[in-house]
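Asker: Quick one: this structure, given as structure tokens, is what I'll be asking you about.
This is the structure:
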């Protein structure tokens with residue numbers, strides 16, 4: 001078997017972001033941590049950690065790290081039936097897309113944490129990398145708009161995040177004095193969350209038939225910042241309805257075309273690990289999502305719980 | 001001189017995150033974009049872009065990208081006096097720490113954008129990388145808690161972000177039935193934003209003399225998520241006062257020790273490029289920060305505008 005003391009040192013270095021911090025958590029000296037990691041590298045004949053600020057895993061390091069965290073999770077379950085084991089508190093690393101993290105996800109996470117006593121390590125979903133992170137085991141599950149099943153994972157539909165195209169009243173007067181039409185939309189500055197954010201373009205296509213929206217964009221990579229950018233008149237943008245409903249009611253924000261919204265289907269993809277904790281989290285997440293997100297109409301068959 | 005058509009192709013690939021999207025923005029075919037980038041690579045004898053999803057710059061590619069964006073910024077200023085140039089709309093890439101992005105920064109950004117017509121590309125500050133990004137020119141300026149001057153940059157103090165240690169009333173009853181003291185704090189689950197977030201530990205040290213706080217942590221990398229995590233009872237955490245003031249008044253959140261807050265000094269570091277647009281942005285940012293952030297008391301000499 002692998003040397004799990006060394007593996008724990010490796011995992012602590014990567015989790016805590018440094019050899020000194022890992023040492024503090026493990027209650028040993030930094031040089032002991034460093035020796036353990038080096039011993040593991042020598043035994044496997046591969047560099048596992050690129051030393052830097054913070055230390056970064058190599059591909060092999062990331063695989064071993066994920067393995068160590070899974071073993072820690074399973075060990076945490078043993079402790080429930082064999083308290084003498086005194087395992088450390090289990091931690092689940094979960095990827096969550098930014099708008100879910102800023103709206104419905106955390107109450108479900110808190111309920112799970114309170115009932116299970118487990119800890120959560122939430123990372124922001126990056127669609128481009130989430131499939132890879134799921135495959136390598138770096139995250140155990142993800143809330144994602146990506147429906148493509150990942151090998152070894154189960155995909156559960158969660159419902160849709162509903163987006164409204166909003167701007168401040170002052171912005172609307174400045175950039176759409178003649179009302180919102182395709183010609184004005186093509187030149188009005190908009191907000192984009194990041195390079196993968198095509199929501200504004202999708203809305204322009206769906207609402208006004210404007211293909212390939214190429215308006216000037218301000219980049220604002222924060223869900224709350226996106227709302228604040230609209231409030232401040234920086235640009236128009238697609239915002240999750242729960243984050244802007246009150247501003248719409250109060251007239252601080254207005255919809256470009258009232259009631260013309262866009263639904264984005266969300267999915268829960270999780271490793272088929274059979275760990276009870278992950279099943280408990282799945283149950284909380286799915287229940288919360290189904291209670292707070294609009295569900296696909298019954299007429300449309302759900303995309304199905306893919307079992308890829 | 002460099003071949004600026006090729007340089008523009010390289011910059012578009014990196015800015016847009018793909019060859020096809022770059023082609024759409026430049027109004028040429030993807031294969032033309034690809035040829036231009038390859039021509040530049042052949043001439044310089046170095047790979048500039050690692051082809052992937054999304055394409056990533058090599059070190060040399062990042063330097064050329066930053067140079068292209070600076071030239072575009074300066075060119076944008078020419079267009080003001082020589083409209084015939086018809087330069088593209090200038091864009092400024094700025095790093096902003098997450099809590100500033102979620103509180104005071106965007107109104108200043110919106111005023112600047114409206115007055116100048118320039119676009120903003122905001123990226124989330126990552127303390128570990130911001131100094132490097134400033135040095136390489138990848139970002140033109142940064143709102144950061146890091147006061148260490150960067151070569152070629154000017155550092156302007158902005159005032160302090162004030163943080164309160166908060167939790168939900170239910171959480172407080174569960175984890176601090178005997179009141180908040182060092183013994184209970186050492187075991188109560190807390191929230192951490194990311195690996196570099198030592199605010200909770202700093203507060204525990206300052207408020208209760210508890211050194212090296214090592215309580216179990218939930219990781220929540222989102223300013224709004226951090227507030228929501230406290231509201232949902234997931235853990236206690238340090239939140240910017242402007243984001244929690246209303247929740248405190250309404251009793252949805254309570255302070256662990258009422259009035260015991262922590263100030264984090266913020267700085268504006270910007271390239272000494274002499275570009276008028278950057279100076280205009282600096283003026284807006286500094287004015288907004290000084291109006292909305294608590295300033296250092298007059299008795300304490302300000303850390304000074306370092307000119308490192």
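Residue numbers (the UniProt record's numbering), protein chains in the order written: chain F, 1 to 308; chain R, 1 to 308.
Beta carbons are placed, not taken as given, at the ideal position from N, Cα and C, and that holds for glycine.
1. For residue 32 (chain F), which of helix, strand or coil comes out of DSSP?
2. Regarding residue 157 (chain F) and the ligand SAM, is the C-beta to nearest heavy atom distance less than 7 Å?
3. Counting Cβ pairs closer than 8 Å, one from the segment 158–167 of chain R and one from the segment 261–270 of chain R, do we hit at least three?
4. If you measure from the beta carbon of residue 151 (chain R) to each beta carbon in chain F, is any gap under 8 Å?
5. Using a 10 Å radius around the Cβ and a threshold of 16 neighbouring Cβ atoms, would you call residue 189 (chain F) buried or exposed?
6. Residues of chain F with CB closer than 7 Å to the CB of residue 6 (chain R), please, in chain order.
7. By the three-class DSSP mapping on this structure, what secondary structure does residue 294 (chain R) have?
8. What are the complete alpha helix (DSSP H) segments, minimum 4 residues, inside the segment 149–225 of chain F?
9. Secondary structure at residue 252 (chain F), three-state DSSP: helix, strand or coil?
10. Tell me which residues of the segment 184–201 of chain F have at least one Cβ-Cβ distance to chain R shorter than 9 Å, keeping chain order.
11. Rounded to a whole number of angstroms, what is the C-alpha to C-alpha distance between residue 65 (chain F) and residue 10 (chain F)?
12. Within this structure, are the beta carbons of residue 74 (chain F) and residue 291 (chain F) separated by less than 8 Å?
13. Enumerate in chain order the residues of its own chain whose CB-to-CB distance from residue 6 (chain F) is below 6 Å, with the five nearest sequence positions on each side excluded.
14. Take every Cβ of the segment 90–97 of chain R, pair it with every Cβ of the segment 114–122 of chain R, and state whether three or more of those distances are shorter than 8 Å.
15. Is there a Cβ from chain A that is less than 8 Å from the Cβ of residue 224 (chain F)?
16. Residue 124 (chain F) touches chain R at which residues, Cβ-Cβ below 8 Å?
17. Output, in chain order, the set of chain F residues within a Cβ distance shorter than 8 Å of residue 229 (chain R).
18. Quick check on DSSP: helix, strand or coil for residue 227 (chain R)?
19. Can a CB atom of chain F be found closer than 8 Å to the CB of residue 218 (chain R)?
20. Throw me the rounded Cβ distance for the residue 233 (chain F) and residue 168 (chain F) pair, which I believe falls under 8 Å.
21. Go to residue 240 (chain F), then tell me how far its beta strand (DSSP E) extends in each direction, as first and last residue.
22. Exposed or buried, what is residue 31 (chain F) when buried is set at 16 or more other beta-carbons lying within 10 Å of its beta-carbon?
23. Three or more C-beta pairs closer than 8 Å, one from the segment 239–259 of chain R and one from the segment 41–56 of chain F: is that the case here?
24. Return no unless some Cβ of chain R is closer than 8 Å to the Cβ of residue 25 (chain F).
25. State the Cα-Cα distance for the pair residue 257 (chain R) and residue 48 (chain R), rounded to the nearest angstrom.
26. In whole angstroms, what is the alpha-carbon distance linking residue 286 (chain F) and residue 174 (chain R)?
27. Scan the segment 236–262 of chain F for residues whose Cβ lies nearer than 9 Å to a Cβ of chain R and list them as they occur along the chain.
28. When we look at the beta-carbon of residue 2 (chain R) and count the other beta-carbons within 10 Å, is it buried (16 or more) or exposed?
29. Within 10 Å of its beta-carbon, does residue 42 (chain R) have 16 or more other beta-carbons around it, so buried, or fewer, so exposed?
30. Any idea what DSSP makes of residue 140 (chain F), helix, strand or coil?
31. Return helix, strand or coil for residue 124 (chain R), following the three-state DSSP convention.
32. At which residues does the alpha helix (DSSP H) containing residue 13 (chain R) begin and terminate?
33. May I have the straight-line CA-CA distance separating residue 146 (chain F) from residue 294 (chain F), to the nearest angstrom?
34. What is the residue span of the alpha helix (DSSP H) that residue 109 (chain F) lies within?
35. Have a look at residue 139 (chain R) and residue 195 (chain F) and give me their C-alpha separation to the nearest angstrom.
36. Is it buried or exposed, residue 57 (chain R), if we count other Cβ atoms within 10 angstroms and call 16 or more buried?
Answerer: On the basis of the data shown:
1. helix
2. The ligand SAM is absent from the structure shown, which contains no ligand whatsoever.
3. yes
4. no
5. buried
6. The premise fails here: residue 6 (chain R) is roughly 21 Å from chain F at the closest Cβ pair, so nothing lies under 7 Å.
7. coil
8. 169–175, 182–185, 199–208
9. coil
10. 189, 194, 195, 196
11. 7 Å
12. no
13. 36, 39, 40
14. yes
15. In the structure shown, chain A does not exist; the protein chains are F and R.
16. 221, 222
17. 106, 109, 110
18. helix
19. yes
20. 4 Å
21. 237–240
22. exposed
23. no
24. yes
25. 53 Å
26. 26 Å
27. 243
28. exposed
29. exposed
30. coil
31. strand
32. 4–16
33. 17 Å
34. 105–116
35. 17 Å
36. buried
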